[in-house]
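Participant:
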Ligand SMILES: Cc1cc2nc3c(=O)[nH]c(=O)nc-3n(C[C@H](O)[C@H](O)[C@H](O)COP(=O)(O)O)c2cc1C
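In my numbering, the protein residues as written are 1 to 180.
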């Protein structure tokens, strides 16, 4: 079965995951804008994109394509700056954020995975720089109230980081039957 990988990315993390995913399924990653041609004869279509204020960029466009082509299989790689699931950031929070864009009622069987990307302030568009400066101020308020998570989050974003890691895709590759 032929597969397609489409992506939305601003600073490169989702594009990196899209390239890895494309290698796994044997195709070339294409920007989401090209979904009609890239996915025309694909049986599996993987959408890779990033969290922007708890919603997944481009998800409406991808969902429109899903609705037009119910015969295909789909999967999503959701990329964010939030650490991978751990004690301070339980998996339920990633699930909750994902479900804001892909509610369980409408997408009960959609395979997906959360992958931590990076944070590169200098590569952001002007509006996102403003949004992040406001968010940093908000985090400083939380830190003043003694909130440990916010301190870790703010330190990471101020410094910038790249935590893209191919192994984060493994749970999805297993779900799709591409392992073992
Ligand atoms: C305005 C803005 C809002 C963001 N909101 C979230 C968020 O709600 N959750 C999260 O985990 N990451 C959030 N991020 C971080 C990005 O998802 C992260 O940096 C991702 O790696 C960017 O992907 P890209 O490099 O493909 O553009 C946000 C980033 C920006 C600029």
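Built from N, CA and C at the ideal position, the CB exists for glycine as well.
Just so it is clear, the structure is predicted and the values come from calculations on it, not from any experiment.
Taking 7 Å as the limit between beta carbons, can you name the residues of its chain near residue 57, skipping five residues before and five after?
Facilitator: Translated into positions along the chain shown, residue 57 becomes position 57. If we look at residue 57 and ignore the five residues flanking it on each side, its Cβ neighbours are 8, 49, 50.
Participant: According to DSSP, is residue 153 part of a helix, a strand, or is it coil?
Facilitator: In the chain shown, counting from the first residue as 1, residue 153 sits at position 153. Looking at residue 153 - three-state DSSP - the assignment turns out to be helix.
Participant: Please identify the residue among 123, 172, 92 whose C-alpha is closest to the C-alpha of residue 109.
Facilitator: Numbered from its first residue, the chain shown carries residue 109 at position 109. Checked all of 123, 172, 92; the closest Cα to residue 109 is 172.
Participant: Helix, strand or coil: which one does DSSP assign to residue 162?
Facilitator: Indexing the chain shown from 1 puts residue 162 at position 162. If DSSP states are grouped into helix, strand and coil, residue 162 belongs with the strands.
Participant: For residue 44, which option in 111, 104, 131 has the closest C-alpha, if you only look at C-alpha atoms?
Facilitator: Here the question's residue 44 lines up with position 44 in the chain shown. Residue 44 has its Cα closest to that of 111, out of 111, 104, 131.
Participant: Alpha carbon to alpha carbon, what distance is there between residue 153 and residue 67?
Facilitator: On the chain shown, residue 67 is found 67 positions in, with the first residue counted as 1. On the chain shown, residue 153 is found 153 positions in, with the first residue counted as 1. So the alpha carbons of these two residues sit roughly 36 Å apart.
Participant: For residue 24, which residues from the same chain have a beta carbon less than 8 Å from its beta carbon, with the 5 sequence-adjacent residues on both sides left out?
Facilitator: By 1-based counting over the chain shown, the position of residue 24 is 24. So the qualifying residues of the chain are 169, 173, 178.
Participant: Can the beta-carbon of residue 6 be found less than 8 Å from the beta-carbon of residue 40?
Facilitator: Residue numbering aside, residue 6 sits at position 6 when the chain shown is read from its first letter. Residue numbering aside, residue 40 sits at position 40 when the chain shown is read from its first letter. Their beta carbons are not under 8 Å apart, which means residue 6 does not touch residue 40 by this criterion.
Participant: Is residue 50 a contact residue of ligand 1, with contact defined as CB to any heavy atom under 7 Å?
Facilitator: Taking the chain shown and counting its residues from 1, the one referred to as residue 50 is at position 50. Checking every heavy atom of ligand 1 against the Cβ of residue 50, one is found closer than 7 Å.
Participant: Taking just the CA atoms, how far does residue 127 sit from residue 114?
Facilitator: The residue given as residue 114 occupies position 114 in the chain shown. The residue given as residue 127 occupies position 127 in the chain shown. Rounded to the nearest angstrom, the two C-alpha atoms are 25 Å apart.
Participant: Determine, using beta carbons only, whether residue 80 and residue 123 come nearer to each other than 8 Å.
Facilitator: Position 80 of the chain shown holds residue 80. Position 123 of the chain shown holds residue 123. In this structure, residue 123 does not lie closer than 8 Å to residue 80 by Cβ.
Participant: With 16 as the cutoff for other CB atoms within 10 Å, does residue 148 come out buried or exposed?
Facilitator: In the chain shown, the residue the question calls residue 148 occupies position 148. The residue in question, residue 148, is exposed, as its Cβ has fewer than 16 Cβ neighbours within 10 Å.
Participant: Which whole-angstrom value describes the C-beta separation of residue 229 and residue 121, a residue pair presumed to lie in contact below a C-beta threshold of 8 Å?
Facilitator: Any property of residue 229 remains undetermined from this structure, which presents the chain solely from 1 to 180.
Participant: Taking DSSP as the reference, what is the three-state secondary structure of residue 118?
Facilitator: As a working note, residue 118 is residue 118 in the chain shown. Correct three-state label for residue 118: strand.
Participant: My assumption, with CB atoms under 8 Å, is that residue 20 sits in contact with residue 166. Please give the rounded CB distance.
Facilitator: The sequence position of residue 20 within the chain shown is 20, counting from 1. The sequence position of residue 166 within the chain shown is 166, counting from 1. Rounded, the Cβ-Cβ distance is 5 Å, consistent with contact.
Participant: Grab the span of the beta strand (DSSP E) containing residue 78 for me, first residue to last.
Facilitator: For this step, residue 78 is matched to residue 78 along the chain shown. Start and end: 73-80.
Participant: Measure the beta-carbon distance from residue 42 to residue 2 and round it to whole angstroms, keeping in mind my assumption that it falls under 8 Å.
Facilitator: Translated into the one-based positions of the chain shown, residue 42 becomes position 42. Translated into the one-based positions of the chain shown, residue 2 becomes position 2. Correct: roughly 5 Å between the Cβ atoms.
Participant: When you measure from the CB of residue 109 to every non-hydrogen atom of ligand 1, does any distance come out below 7 Å?
Facilitator: Reading the chain shown from its first residue, position 109 is the one you call residue 109. No, the beta carbon of residue 109 sits no closer than 7 Å to any heavy atom of ligand 1.
Participant: Among 33, 163, 85, whose alpha-carbon lies nearest the alpha-carbon of residue 63?
Facilitator: For the purposes of this step, residue 63 is taken as the residue at position 63 of the chain shown. That would be 33, whose Cα lies nearest to the Cα of residue 63.
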